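One structure below.
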Amino acid sequence: MRSALSQSVLIVSLVIGGLPLSGAAQLDFAEATLQTRPLERVLDGEVEAVHEATVSAQTSGRVVEINYDVDDYVEKDAILLRFRDKDQRARYNAAKANYEEARAEFERVKDIYEKKLVAKSALDKAEARLKSTKAAFELASEELENTRVQAPYSGIVVRRHVEVGELANVGQPLFTGISLELLRVSVDIPQDMVRVVRERQQARVLLDSNGQTSVPGDALRISPYANPQSHTFNVRVRLPDGNHGIYPGMFVKVAFVLDEIQRLVIPAGAIVHRSEVTGVYVRDEQGQLQLRQIRTGERFADDMVEVLAGLEEDEQVALDPIRATAAYKEQWTGDAQ
């Protein structure tokens, strides 16, 4: 690696000989080090909501009230809409009255039976009627409750399928909504990656275009079979809880870890840009500064940057490019004097 990198070194400005100057001596330096870093492959993916559902009518009736529309945020258990409930309420009241009557009758017969004034068959008959009326009352209660359609979870309404005044039947779609609390990214990976992705189960979702901000995948679900047309495997990368600034329908990039390799890295703050040149100030064996061009690779989450060419391991780079520039000019001034 040393020989390969040294051949790529380009000295932008030659160092003028002389003793180390005080400006360079006061700078802070860091060594270029070889570190084990992940080797990743980046693919495109689409953000999806983990919870997406269509709420359907559980009872028949005419829609009399709609409380939310498309793009509205809805809290869990909020009333989405109401049906006309005259028929359901009438059945509920009748079932409730029958149940209360049967319960009173059962208690009366039970009391008489305990005094041995009535046969066991009379108690059994009263108990059977109580159970029957209770079941009818519970069914009527559920039908009445179904006239108020509630949100199964907090989320956003993406489609509304009915209007006020429409007659809805059982099973008819009413609302479609998604939750923004749990998100995942759907990615199609080529078949040559599927084995290592299954083994490592490591991926991160890139939240910006340059890949500097990312969030690790909470879990990976890999399809057990390939798409027969594209010969790719679908992978769903689940995001951890929290607001990450991405939303369903967006395209993002996902980096899958394929291996771990040794990379030469330096702190990102040491890099200086001069026009189209990317470089660092390197301290040589005499303590002098060189402005050296480098070729950079990936930038990692800990603000370390991979150096592909221009540096060797253990070389020292200035951490403050602004102060290093002043010290570098001081070398030229000192030599000229």
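Each position in the sequence shown, counted from 1, maps to that position plus 3 in this note's numbering.
Note that CB positions come from ideal geometry on N, CA and C, so glycine has one too.
All values derive from a computational prediction rather than experimental measurement.
Outcome for residue i when other beta-carbon atoms lying within 10 angstroms are tallied against a minimum of 16
i: Pro-243; result: exposed
i: Arg-295; result: buried
i: Ala-138; result: exposed
i: Ala-122; result: exposed
i: Ala-100; result: exposed
i: Val-67; result: exposed
i: Ser-212; result: exposed
i: Phe-109; result: buried
i: Phe-178; result: buried
i: Ile-69; result: buried
i: Glu-263; result: exposed
i: Glu-166; result: exposed
i: Val-152; result: buried
Cross-strand partners of residue i (DSSP beta bridge)
i: Ala-52; result: Leu-186
i: Val-41; result: A small correction: the amino acid at residue 41 is Pro; Val does not occupy that position in the sequence shown. DSSP lists Glu-263 as partners of Pro-41.
i: Ala-93; result: Bridge partners of Ala-93: none, in fact.
i: Leu-292; result: Arg-286
i: Tyr-76; result: Ile-159
i: Arg-65; result: Leu-170
i: Leu-83; result: Answer is none; Leu-83 lacks a bridge partner.
i: His-276; result: Thr-281
i: Phe-178; result: Val-58 and Arg-163
i: Glu-309; result: Val-268
Cα-Cα separation, residue i to residue j
i: Ala-206; j: Pro-219; result: 6 Å
i: Tyr-71; j: Leu-83; result: 6 Å
i: Phe-259; j: Leu-46; result: 8 Å
i: Ile-192; j: Arg-239; result: 10 Å
i: Gly-272; j: Val-197; result: 36 Å
i: Asp-1; j: Val-160; result: Because the chain is modelled from 4 through 340, residue 1 falls outside the range shown and cannot be assessed.
i: Arg-87; j: Tyr-95; result: 14 Å
i: Lys-118; j: Gly-64; result: 50 Å
i: Phe-236; j: Asp-195; result: 10 Å
i: Pro-324; j: Ala-229; result: 50 Å
i: Gly-180; j: Gly-48; result: 21 Å
i: Ala-105; j: Lys-113; result: 12 Å
i: Asp-127; j: Leu-120; result: 14 Å
i: Pro-41; j: Leu-311; result: 15 Å
i: Arg-349; j: Leu-261; result: There is no way to answer for residue 349, as the model of the chain reaches only from 4 to 340.
i: Asp-221; j: Pro-176; result: 32 Å
i: Arg-326; j: Leu-30; result: 7 Å
Same chain, Cβ closer than 7 Å to residue i, five either side skipped, listed in chain order
i: Gly-282; result: Val-15, Val-275, Leu-294, Arg-295, Gln-296 and Ile-297
i: Val-320; result: Phe-32, Ala-33, Ala-35, Ile-269, Ala-273, Val-283, Tyr-284 and Val-285
i: Ala-304; result: Ser-217
i: Val-173; result: Ala-60, Gln-61, Thr-62 and Ser-63
6 Å CB neighbourhood of residue i in its chain, flanking five on each side removed
i: Ala-98; result: Ala-139, Phe-140 and Ala-143
i: His-234; result: Gln-194
Proximal residues to residue i (C-beta, below 8 Å), its chain only, five neighbours per side dropped
i: Arg-201; result: Ile-225
i: Ser-9; result: With a pLDDT of only 38 at Ser-9, under the threshold of 50, the placement of this residue in the model should not be trusted, and no figure is reported.
Any chain B beta carbon closer than 9 Å to residue i
i: Gly-48; result: Among the chains of the structure shown, chain B does not appear; only one protein chain is present.
Segments of 4+ residues assigned as alpha helix (DSSP H) that fall wholly inside the segment 190-250: 197-203
Fully enclosed by the segment 118-153, which beta strand (DSSP E) runs are 3 residues long or longer? 151-153
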